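*Asks:* Using the numbering used here, the first residue of the sequence shown is number 88, and each one after it goes up by one.
Every residue gets a Cβ at the ideal spot worked out from N, C-alpha and C, and that includes glycine.
Note that the structure is predicted; figures quoted are calculated from it, not measured.
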Amino acid sequence: MIEQLIHAIYPNQTDAAFLSKAIAERIEGYKNKEIRSRKLQWDQDDVFLITYGDQFYRNGESKLTTFKTMYQKFFSDTFPIVHFLPFFPYSSDDGFSVIDYEQVNPELGDWADVQVMNREARLMFDFVCNHMSAKSNWFKGYLANQPIYKDFFIDIDPSVDLSMVTRPRTSPLLSEFIDVDGKERNIWTTFSADQVDLNFANPKVLLRMIDVLLFYVDQGADFVRLDAVGFLWKKLGTSSIHLTETHQVIQLFRSIVNVVAPGTVLITETNVPHKDNISYLGDGTNEAQMVYQFPLPPLVLHAIRTSNTSYLQKWASEIQPPTKETSFFNFLASHDGIGLNPIRGIVEEEEILALVSDLEKEGALVNYKKNPDGSLSPYEINTTYIDALSNQTDEDDLRVKRFMLAHSILLTIVGIPAVYIQSILGGRNYYEGVEQTGANRTINRQKYEASEINESLLEVGSFRNSVYRQLQELIQLRRSEKAFHPNHAMRILATTDTIFGLVRNEEVYVLHNMSDQDQAVALDAGTYTNLLTKNECEIQQEVILEPYQFVWLKKIN
Numbered sequence: 088m089i090e091q092l093i094h095a096i097y098p099n100q101t102d103a104a105f106l107s108k109a110i111a112e113r114i115e116g117y118k119n120k121e122i123r124s125r126k127l128q129w130d131q132d133d134v135f136l137i138t139y140g141d142q143f144y145r146n147g148e149s150k151l152t153t154f155k156t157m158y159q160k161f162f163s164d165t166f167p168i169v170h171f172l173p174f175f176p177y178s179s180d181d182g183f184s185v186i187d188y189e190q191v192n193p194e195l196g197d198w199a200d201v202q203v204m205n206r207e208a209r210l211m212f213d214f215v216c217n218h219m220s221a222k223s224n225w226f227k228g229y230l231a232n233q234p235i236y237k238d239f240f241i242d243i244d245p246s247v248d249l250s251m252v253t254r255p256r257t258s259p260l261l262s263e264f265i266d267v268d269g270k271e272r273n274i275w276t277t278f279s280a281d282q283v284d285l286n287f288a289n290p291k292v293l294l295r296m297i298d299v300l301l302f303y304v305d306q307g308a309d310f311v312r313l314d315a316v317g318f319l320w321k322k323l324g325t326s327s328i329h330l331t332e333t334h335q336v337i338q339l340f341r342s343i344v345n346v347v348a349p350g351t352v353l354i355t356e357t358n359v360p361h362k363d364n365i366s367y368l369g370d371g372t373n374e375a376q377m378v379y380q381f382p383l384p385p386l387v388l389h390a391i392r393t394s395n396t397s398y399l400q401k402w403a404s405e406i407q408p409p410t411k412e413t414s415f416f417n418f419l420a421s422h423d424g425i426g427l428n429p430i431r432g433i434v435e436e437e438e439i440l441a442l443v444s445d446l447e448k449e450g451a452l453v454n455y456k457k458n459p460d461g462s463l464s465p466y467e468i469n470t471t472y473i474d475a476l477s478n479q480t481d482e483d484d485l486r487v488k489r490f491m492l493a494h495s496i497l498l499t500i501v502g503i504p505a506v507y508i509q510s511i512l513g514g515r516n517y518y519e520g521v522e523q524t525g526a527n528r529t530i531n532r533q534k535y536e537a538s539e540i541n542e543s544l545l546e547v548g549s550f551r552n553s554v555y556r557q558l559q560e561l562i563q564l565r566r567s568e569k570a571f572h573p574n575h576a577m578r579i580l581a582t583t584d585t586i587f588g589l590v591r592n593e594e595v596y597v598l599h600n601m602s603d604q605d606q607a608v609a610l611d612a613g614t615y616t617n618l619l620t621k622n623e624c625e626i627q628q629e630v631i632l633e634p635y636q637f638v639w640l641k642k643i644n
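#1: Per the DSSP calculation, Asp284 is bridged to which residue(s)?
#2: DSSP beta-bridge partners for Pro465?
#3: To the nearest angstrom, how far is the alpha carbon of Pro360 from that of Gln91?
#4: By the 10 Å Cβ neighbour count, where 16 or more other Cβ atoms means buried, how is Lys160 classified, buried or exposed?
#5: Check this for me: beta carbons of Leu260 and Ile391, under 8 Å apart or not?
#6: Cβ of Glu189 less than 8 Å from any chain D Cβ?
#7: Taking the DSSP output, what are the residues bridged to Trp275?
#8: Cα separation between Asn617 and Lys126?
#9: Find the nearest neighbour of Asp133 within the set Ile511, Lys321, Ile168, Glu447, judged by alpha-carbon distance.
#10: Could you tell me which uninterrupted beta strand (DSSP E) segments, each at least 3 residues in length, are contained entirely in the stretch 366 to 394, listed from first to last along the chain?
#11: Count the other CB atoms within 10 Å of the CB of Leu440; is the residue buried (16 or more) or exposed (fewer)?
#12: Can you find at least 3 beta carbon pairs, one from the stretch 465 to 473 and one from the stretch 511 to 525, that sit closer than 8 Å?
#13: Cα separation between Asn531 and His94?
#14: Measure the alpha-carbon distance for Leu195 versus Ile540 and round it to whole angstroms.
#15: According to the Cβ coordinates, are Met54 and Phe310 closer than 8 Å?
#16: Using the Cα positions of Arg578 and Leu368, report the straight-line distance between them to the nearest angstrom.
#17: For Thr277, count neighbouring C-beta atoms within 10 Å of its own C-beta (all shown protein chains included) and say buried if the count is 16 or more, exposed if not.
#18: Is the stretch 308 to 323 close to the stretch 351 to 359, with three or more CB pairs under 8 Å?
#19: Near Tyr177, which residues of its chain fall below 8 Å by C-beta distance, leaving aside the five closest residues on each side in sequence?
#20: How many angstroms separate the CA atom of Asp213 from the CA atom of Arg295?
#21: Which two residues bound the contiguous alpha helix (DSSP H) that contains Trp198?
#22: Counting Cβ pairs, one atom from each stretch, are 3 or more of them under 8 Å apart for the stretch 242 to 249 and the stretch 297 to 308?
#23: When you compare only the Cα positions, how much space is there between Ser258 and Ala526?
#24: Let me know the secondary structure DSSP gives Leu598 once reduced to three states.
#25: For Thr138, list the residues DSSP reports as bridge partners.
#26: How about Asn655 and Pro504: do their beta carbons lie closer than 8 Å?
#27: State the Cα-Cα distance for the pair Met377 and Lys270, rounded to the nearest angstrom.
#28: Quick test of the definition: if touching needs 3 or more C-beta pairs under 8 Å, does the stretch 384 to 402 touch the stretch 439 to 458?
#29: Relative to the C-alpha of Ser404, which residue among Val506, Ala576, His422 is closest?
#30: I need the straight-line Cα distance from Ile586 to Arg528, nearest angstrom please.
#31: Counting only the same chain and skipping the five closest in sequence on each side, list residues whose C-beta sits under 7 Å from that of Pro173.
#32: Quick check: the Cα distance between Phe171 and Gly140, rounded to an integer number of angstroms?
#33: Taking the continuous alpha helix (DSSP H) assigned at Gly116, which residues delimit it?
#34: Of the residues Leu619, Asn622, Val595, which one's Cα is nearest the Cα of Leu610?
#35: If we ignore side chains and look at the alpha-carbon of each, how far apart do Arg341 and Arg113 end up?
#36: Residues in its own chain within less than 7 Å of Asp102 by CB, not counting five upstream and five downstream?
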């Protein structure tokens, strides 16, 4: 399989022969290493915590050491897996403009600190494989015309027609640099002038990135997130997104890690419509094992803010995993904003724009993308998920109710759930940070002094304590119930537009009232255990749900 993929990606025999020999040598070398064994299949116990490595800080202590202490105290009983966002030296974009793939940012600690965390939890690393920092040694070497970095990046004549290229940002596609000889270089930069795209058409680039991937596996990454991978391969005259070669490179990555460290899971981060997104699962055995479930955050948000679940119901009824070897990486909040592109084609554009307008009035910020005709469209709402769900004038009790309602959906829908650190901390919009950085996304990226956040999490009755305690309890309940195994069947119940109901494994009925009024939900008569209260209940023909209430009911007979 590896040989076939190499020859498919690089038809040139010289390139293919070079890469085949080099990859074989690396695989043989890793056979002699003692790489820690991995869990070979996921189950209902698996829940991710998404966080920055420097999320917490304490004077005189490495940030990863501080994180370990906070993890042991507040999160280890709830989250067996930690997704560390990029913890490498970087120059911009909060870590996603990587200067050195194989070093830990010294402000966080070193690889020894990562190994300590790896003994506490299974880890997911970010593999920022599409681009790297313009301040990296690789790019500096390229501009210095060092032979080793020849053709590592993509220099394009600006007169070339690039109008077909899909743009995720409003920034220019090409950024001008001057090399050591004074020659102008117009470099392909999909995301920003500080994030220079790598040239995977050069097999030496692919080999170097395979080295990085294997290094991460060796350092303890059970899960590897392939950041912005849909843009990886460029070809003039095309959209340069989701190209066949991109899929083949991911398949090559999968084939290699299958040999070196079976059980390693590749997760693709492709913030695109659902059909394109799930294409990265390949045939179910040969590409990524998981894909981010990008439509989920905006669909749940829309359903709660409008009390209309029709779009969510229709979408959810069509998302069964294609094979037992694949699943969905479900989330509501992340370090980025709430993406809108994944629901285009699911939700009417007028309703998307109305949602954006409504949230802007409630303090949310918005990022825009440039369309081929030069117009702008909102592609991302920037806010914490807690603040997105409610109005600024709402009482905290209502805010927590809606927040838990949304997370009940996250924890019970088919797939594997991931919770962003700001969510379980009860994070609110961080406007001060936006003023400091000038970046909208900072609104949801606040970092905390350890003793201060420690006190607020433990303050009984506080907003943070309420969110933390209730969400922790709900996650632990999910982990104890086998019906929520990521690959067990899910059936969406036929209900009114104000109710979102589902059944997992034909055992557990999960009902959500998305409105501010009592709602009656028809249910088969019988005896049920209310998993949230631990009480048995007799149901004749319907369940009455209070505003924003949800129930998890397990049928006994």
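*Replies:* By the coordinates alone:
#1: His218
#2: Tyr455
#3: 29 Å
#4: exposed
#5: no
#6: This model lacks chain D altogether, as it is built from one protein chain only.
#7: Leu261
#8: 31 Å
#9: Ile168
#10: 377 to 379
#11: exposed
#12: yes
#13: 44 Å
#14: 19 Å
#15: The first residue shown for the chain is 88 and the last is 644, placing residue 54 beyond what the model contains.
#16: 22 Å
#17: buried
#18: yes
#19: Phe183, Ser184, Val185, Ile186, Asn192, Ser220
#20: 16 Å
#21: 198 to 207
#22: no
#23: 14 Å
#24: strand
#25: Phe171
#26: In this structure the chain extends from 88 to 644, so residue 655 is not present and cannot be described.
#27: 43 Å
#28: yes
#29: Ala576
#30: 32 Å
#31: Gly182, Phe183, Val185, Asp213, Val215
#32: 6 Å
#33: 100 to 118
#34: Val595
#35: 15 Å
#36: Pro290
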